[in-house]
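Read through the structure below, which is laid out as structure tokens, and then see the notes.
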Amino acid sequence: MSQSPFGTSSGASPARKQELDDQLLKMDIDAAEKHMKDWFGDHASWDHEKLLSLTYLEELLPLRHMNNFGDYAIRGRRPGGGTASFPLLSEEEWPLLNTPYRNWAPAPYNLMDYSCYDRLMPLTTGENLPGLGYTPRVPMPARLRPLKAKLQLGMAPISHDRWLERKMDDPANYRNLFELMKDVLGLFRWYNGDEILKATRDSFNWMVDIYVEFEHVANARREQLGITEKLDLAGMWAEYWSDAWTNMTNRTHQWFVDRVDEVSSRAFAEYKAALSAAGDDKVAIGEAGKRYYECVQDLRALLTGMDYTIGIPMTGFKGYNDTGAITDLPIPERHAMYSEVMGSMSFEHQKAILDAQDKAEAEDAKKPAPSFAEQMDIMGQLTKPAHPRFRDSENFLGHYEEGKRNRDETRLALRGEPELPTQEQWITILRERMDFYLKNKRGEDQKSHKWGFVLYRLTYEQSDEEWATFMEKLQEDLKRSGKWIAGIDNIIDRAGVDLIDGRTVGIPEGDIEAAKKHFKATYTLLPTLGRMWTMDFLVVDKQSFASYKEPPQEETRPPPPYGPGFGCNGGHVRLVDSTFSQLPKQLLEAESPGYRGQMKVLSTLVFEELYPLLATLSVRPYDASQEGWWEFNRIDRALAQRFFDDMRQKKAALLAKQSSRA
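Encoded structure:
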């Protein structure tokens, strides 16, 4: 029997039905929905149709590069590791970038009543660049912002533990990796698009011209001071920018090569085991072949696209000298080179498989079109035995080694040997700053110095024993392995939280606004890498505590068409944005509908992703409230939202019925 929106069978007794109708009439549905959203979030943040259509304005020259360039220009620290190949700015010269020339420049430059940064101001304000007539900000899909920010920092798209939590190592879930690869391919095609690449190059050259003006003045001052070494800021910016792009390109590409190899090798091992178990069962052999081939061929086909797409040309960027690398060519030329090399190789087994596929499709084309009922029978389609062509175990077994060998050799010939990843730049900067702080602190300050977040306890009903158990679990999540994060072992021992029990500072239970006032008054240092983050803070409230109280529920595979989704039921804390009241409403409505200045964050991602992305100013919380690190089961929430909508409709019908009787 069908189910009514209120959760009872349509065949309930009249007395029971009347009882439920009376309860519904008395229910405050708005209050019930508010309670659900307080616990699980506003449905606007997980409406996929809205999510896919949201855009934000991406800076082609991100402002964080201004700060990061200082670490390169003063200390010689290149984004990809190693040292600068140009003379460096001195500690004394760096502040001059923001000082009017008239205050420090030799004649005739002392007549200029502006600074280098004054001329760069349009990059900050988003105004049109003088001489170009447009702003270096362009729309991009909002859901890709956290992913793009991670790639720009040279981070892995997903950490090792997160990879396992989401069960992305399982060939049965290969579509998750497939979709991630499609997103990354889309990002690099965007970078390589004619309009975007030209706008980036022109904006970069506009910026470099302003730095070169500073270079001329600074070199004149150096000559006046008897310093023979000359600055080359065009060369420095080109080296820095090329390093940042090359670092992003190489790490991203190699990560996907490794992951596709990992999943493919497991799929092949499972295929061989399935063949052994199947014996002479042709249907089982066909099913095993279909599972293997769809996984491996889909992933390898996309990986080939990544081989020639991941990379961004810097030809025409001022100060840059072409290296002859394949990534300095347009994508069509790279594609042609790959096709030529791969076309010279033998794909005997792949050809046999494709010939069988063409034959099967030709036979299907001659059959009568399926009836409407057959087309609507989704379960029948899903349980239909694999086509006999998938029983060709000889060619499927040969397909694995043949495809891997040919693609590996092509990749090596055109991209060269992969470089081992060096320590991630944010970790290098953080470690250096930590060392400086520790060197200049004394006594207890030195012992207690940490990088991380301030954490407020705003739930007070737990016993001391319950709280201690919670904190033990939370600390375990915060400091997990960090595998695939290059250099994390050099800093994780100093990661931590400053725990503030709200009771000790007079904050009522659950009062986030009071915690925000205390936070702003107490943590007044400028936000930066290497210490407690002072722009946002974390909260443990009743929901956060409850997420750790019970063992995580086993996650089941969602039904079609959603596909597998795992790793969303872990313990969480609440992230609070202390700058929320300063954000323009128009910005939030356009880019982050449903964002209310706070969100739940999986605790395991606090140090792995949240801290580096916030502390490098790569994103703000509202930038990423739609997707990414704070994942919860959107399907369940969507069903709950429809449940409330159905109850409203039924209640309205009951009220109308009552009114008509009156």
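This note's numbering applies: residue 132 is where the sequence shown begins, and numbers increase by one. The beta carbon of each residue, even a glycine, is placed where N, CA and C say it ideally should be.
Proximity winner among the options, relative to residue i (alpha-carbon distances)
{"i": "Leu669", "options": "Ala330, Lys482, Arg588 and Val339", "result": "Arg588"}
{"i": "Asn350", "options": "Asp392, Pro231, Glu224 and Arg390", "result": "Glu224"}
{"i": "Asp152", "options": "Lys781, Glu533 and Thr541", "result": "Lys781"}
{"i": "Glu346", "options": "Thr665, Trp337, Ala496 and Leu228", "result": "Leu228"}
{"i": "Ala238", "options": "Arg306, Asp159 and Arg352", "result": "Arg352"}
{"i": "Arg390", "options": "Arg634, His291, Trp235 and Asp595", "result": "His291"}
{"i": "Met286", "options": "Arg250, Ala375 and Asp244", "result": "Ala375"}
{"i": "Gly637", "options": "Val414, Thr590, Gly613 and Asn381", "result": "Thr590"}
{"i": "Gly420", "options": "Met312, Pro682, Pro516 and Gln606", "result": "Pro516"}
{"i": "Val732", "options": "Leu719, Tyr726 and Gly702", "result": "Gly702"}
{"i": "Ser470", "options": "Leu242, Val704, Lys449 and Thr435", "result": "Thr435"}
{"i": "Thr635", "options": "Lys157, Gly728 and His649", "result": "His649"}
{"i": "Lys279", "options": "Thr380, Asn234, Gly212 and Ala405", "result": "Thr380"}
{"i": "Ser475", "options": "Lys449, Ala500 and Glu540", "result": "Glu540"}
{"i": "Val737", "options": "Gly728, Lys610, Tyr679 and Lys651", "result": "Lys610"}
{"i": "Ala273", "options": "Arg233, Arg465, Asp495 and Leu318", "result": "Leu318"}
{"i": "Met565", "options": "Pro549, Asp776 and Arg625", "result": "Arg625"}
{"i": "Gly633", "options": "Tyr245, Asn198, Leu719 and Leu586", "result": "Leu586"}
Which of helix, strand or coil DSSP assigns to residue i
{"i": "Gln593", "result": "coil"}
{"i": "Asp632", "result": "strand"}
{"i": "Gln554", "result": "coil"}
{"i": "Leu188", "result": "strand"}
{"i": "Ala769", "result": "Confidence at Ala769 is low in this model, with a pLDDT of 44, below 50, so its placement is unreliable and no value can be given for it."}
{"i": "His174", "result": "Per-residue confidence for His174 stands at a pLDDT of 44, beneath the threshold of 50, marking its modelled position as unreliable; the derived number appears in the next sentence. Correct three-state label for His174: helix."}
{"i": "Leu151", "result": "helix"}
{"i": "Asn764", "result": "Note that Asn764 has pLDDT 38, beneath the 50 cutoff, so the model's placement of it is unreliable and the number below is only indicative. Of the three classes helix, strand and coil, the one that applies to Asn764 here is coil, per DSSP."}
{"i": "Gly731", "result": "The question names Gly, yet the displayed sequence has Lys at residue 731. If DSSP states are grouped into helix, strand and coil, Lys731 belongs with the strands."}
{"i": "Pro690", "result": "Residue confidence for Pro690 is low, a pLDDT of 49 falling below 50, so the modelled location carries little weight; the figure read from the coordinates is stated next. It is coil, neither helix nor strand."}
{"i": "Ala783", "result": "helix"}
{"i": "His703", "result": "strand"}
{"i": "Met666", "result": "coil"}
{"i": "Phe697", "result": "coil"}
{"i": "Ala626", "result": "strand"}
{"i": "Asp708", "result": "strand"}
{"i": "Arg792", "result": "helix"}
{"i": "Phe387", "result": "helix"}
{"i": "Met778", "result": "helix"}
{"i": "Val585", "result": "strand"}
{"i": "Val671", "result": "strand"}
{"i": "Arg297", "result": "coil"}
{"i": "Thr541", "result": "helix"}
{"i": "Lys449", "result": "coil"}
{"i": "Ser475", "result": "coil"}
{"i": "Glu494", "result": "helix"}
{"i": "Glu310", "result": "helix"}
{"i": "Gly442", "result": "coil"}
{"i": "Gly641", "result": "coil"}
{"i": "Arg397", "result": "helix"}
{"i": "Ile616", "result": "coil"}
{"i": "Gly759", "result": "Only weak support is given to the placement of Gly759: the predicted model assigns it a pLDDT of 40, under 50, and the question is left unresolved by the model."}
{"i": "Gly455", "result": "coil"}
{"i": "Arg611", "result": "coil"}
{"i": "Asp363", "result": "coil"}
8 Å contact criterion, which residue i and residue j should meet: CB distance rounded
{"i": "Tyr371", "j": "Phe200", "result": "6 Å"}
{"i": "Leu545", "j": "Ile457", "result": "5 Å"}
{"i": "Thr383", "j": "Leu282", "result": "5 Å"}
{"i": "Gly410", "j": "Pro519", "result": "No, Gly410 and Pro519 are not in contact; Cβ-Cβ is about 17 Å, not under 8 Å."}
{"i": "Ala809", "j": "Met445", "result": "One cannot answer for residue 809 here, as it falls past the ends of the chain, which runs 132 to 793."}
{"i": "Leu284", "j": "Ser749", "result": "6 Å"}
{"i": "Tyr240", "j": "Val348", "result": "5 Å"}
{"i": "Asp667", "j": "Leu714", "result": "In fact, because the Cβ distance is near 13 Å, the residues do not count as touching under 8 Å."}
{"i": "Ile160", "j": "Met778", "result": "6 Å"}
{"i": "Leu316", "j": "Met437", "result": "6 Å"}
{"i": "Thr553", "j": "Ala617", "result": "6 Å"}
Proximity test, Cβ basis, 9 Å: residue i and chain D
{"i": "Glu640", "result": "No chain D appears in the structure shown, which is made up of a single protein chain."}
Inside the region 319 to 357 only - alpha helix (DSSP H) runs reaching at least 4 residues: 325 to 355
Taking contact to mean 3 or more Cβ pairs, one atom from each stretch, closer than 8 Å, check whether the region 553 to 569 and the region 424 to 434 are in contact. no
I'd like the ranges of any beta strand (DSSP E) spanning at least 3 consecutive residues and lying wholly in the region 250 to 275. 268 to 272
Decide yes or no for the touch test of the region 190 to 199 against the region 262 to 272: beta carbon pairs closer than 8 Å, at least 3 of them. yes
List, from N- to C-terminal side, the beta strand (DSSP E) runs of 3 residues or more that fit wholly inside the region 186 to 243. 186 to 190
Can at least three beta-carbon pairs, one atom from the region 655 to 662 and one from the region 591 to 600, be found at a separation below 8 Å? no
Does the contact criterion of 3 or more C-beta pairs under 8 Å hold for the region 598 to 614 versus the region 526 to 544? no
Three or more beta-carbon pairs under 8 Å between the region 603 to 613 and the region 640 to 647, yes or no? no
Counting pairs of beta carbons, one from the region 207 to 226 and one from the region 324 to 335, are three or more of them closer than 8 Å? no
Do the region 295 to 313 and the region 397 to 404 meet, that is, are 3 or more Cβ pairs less than 8 Å apart? yes
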